[in-house]
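In this note's numbering, the protein residues as written are 971 to 1111.
Here is the structure:
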């Protein structure tokens, strides 16, 4: 059985180019509010867009957000739009892409490597892969 029902994984630079090239495409950042505030946010203003923000898990407990789909819709997500889900490393966003695909949204993509990328040899993020390392626009929250 294939547990990857969403449209697929896409690298950050390719996701940014897709967002730039398709006026209907949206980016949904599924990290927590503290991550948005203290780690930073993708800056899509240069392409006339803004990332939608919807927490996949609640903070501080890390429980699944039961209102995730409703939060996405409240942020403006509509069925039929290409959706690129982004988290810290690509794990939460993969789950979000799967869940929203099952609800009839999409095509839904997972931004592989996420905003901060994988951990390096010293256990630090933000140095190997991800939105920031790819040199894509972002701003401190």
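Ideal placement from N, C-alpha and C gives every residue a C-beta, glycine not left out.
- Annotated three-state conformation of residue 1057 is coil, per DSSP.
- For residue 1002 and residue 1091, the gap between their C-alpha atoms comes out near 25 angstroms.
- Residue 1079 has 978 and 1054 as its beta-bridge partners, per DSSP.
- In this structure, 1051 is the residue among 1069, 1051, 1076 and 1013 with its C-alpha nearest to the C-alpha of residue 994.
- Put simply, the backbone Cα of residue 1054 is about 17 angstroms away from that of residue 1099.
- Around the CB of residue 1044, fewer than 16 other CB atoms lie within 10 Å, so the residue is classed as exposed.
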